[in-house]
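These notes concern the structure reproduced below.
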Amino acid sequence: KAERDDGSDGWTNDGDNDEDDVPDVIDPGYIEPGLGHVYGFDVALTALLTGGLSFLGGEVIAEGGAVLEASAATVRLESLLAPDGEVIGEAGTSNIIRELPGGVQAAEKMFEDLTEGGTLSTTPKLAEINGVRYTMPDGSYITYRPVSTSGPPTIDVNVSFLKNLVTKIKFMDGGK
């Protein structure tokens, strides 16, 4: 193992034994406007090799070691809408329209969870029906309509990477 400028070899126990011998953070990174955290190659590579996934400090590492601000929201949305790879709820009129029980209460809770980190961007038309829209860090948006044309409260999911999984979530037992 090579020694660093500070005299350590970059490992938590300085390589004295194999127990708990994991790399320490060599480069704390910096914030790049529009990208988020940017880590040095050594840190990104270490995180990838030791973690098995491209995550560092709870963030997804993008190409070149940049951590996109949208990455955490993306991972969270996917985990909420397709936990363990299984899309939530039952198929509605198509596989990308999902139905869940719970009515307004469940819809509002799910909407709150889905829009964490988003920015309120409601339109006048939505306001007329007490609907609300949030724009997410990646530019996608999620809309809640307490009453939809088909009746039940509905969340519209306009997220490009999810368009083949979920576009609408209808919460049965409520609405009109």
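The numbers in the sequence shown follow my numbering, run straight up by one, and end at 221. Built from N, CA and C at the ideal position, the CB exists for glycine as well.
Inter-residue Cα distance where the pair is residue i and residue j
{"i": "residue 167", "j": "residue 193", "result": "16 angstroms"}
{"i": "residue 136", "j": "residue 202", "result": "15 angstroms"}
{"i": "residue 207", "j": "residue 123", "result": "8 angstroms"}
{"i": "residue 175", "j": "residue 169", "result": "10 angstroms"}
{"i": "residue 154", "j": "residue 139", "result": "24 angstroms"}
{"i": "residue 134", "j": "residue 142", "result": "9 angstroms"}
{"i": "residue 181", "j": "residue 165", "result": "9 angstroms"}
{"i": "residue 128", "j": "residue 209", "result": "15 angstroms"}
{"i": "residue 163", "j": "residue 185", "result": "9 angstroms"}
{"i": "residue 195", "j": "residue 213", "result": "12 angstroms"}
{"i": "residue 211", "j": "residue 121", "result": "14 angstroms"}
{"i": "residue 172", "j": "residue 156", "result": "16 angstroms"}
{"i": "residue 130", "j": "residue 205", "result": "17 angstroms"}
Beta-ladder partner(s) of residue i, from DSSP
{"i": "residue 188", "result": "178 and 201"}
{"i": "residue 123", "result": "Note: residue 123 sits in no beta bridge, so no partner."}
{"i": "residue 164", "result": "180"}
{"i": "residue 196", "result": "193"}
{"i": "residue 135", "result": "144"}
Element boundaries [alpha helix (DSSP H), containing residue i]
{"i": "residue 170", "result": "169-173"}
Terminal residues of the beta strand (DSSP E) in which residue i lies
{"i": "residue 157", "result": "Residue 157 -> not in any beta strand (DSSP E); alpha helix (DSSP H) instead, spanning 148-159."}
{"i": "residue 144", "result": "142-145"}
{"i": "residue 213", "result": "213-216"}
Exposed unless 16 or more other CB atoms sit within 10 angstroms - verdict on residue i
{"i": "residue 200", "result": "buried"}
{"i": "residue 145", "result": "buried"}
{"i": "residue 112", "result": "The pLDDT assigned to residue 112 is 47, lower than 50, so where the model puts this residue is not dependable, and the model offers no usable value."}
Cut-off 7 angstroms between Cβ atoms - residues of its own chain near residue i, not counting five sequence neighbours on either side
{"i": "residue 158", "result": "125"}
{"i": "residue 160", "result": "179 and 187"}
{"i": "residue 147", "result": "216 and 218"}
Cutoff 8 angstroms: residue i Cβ touching any chain D Cβ
{"i": "residue 128", "result": "No chain D appears in this structure, which consists of one protein chain only."}
Cut-off 6 angstroms between Cβ atoms - residues of its own chain near residue i, not counting five sequence neighbours on either side
{"i": "residue 177", "result": "167 and 189"}
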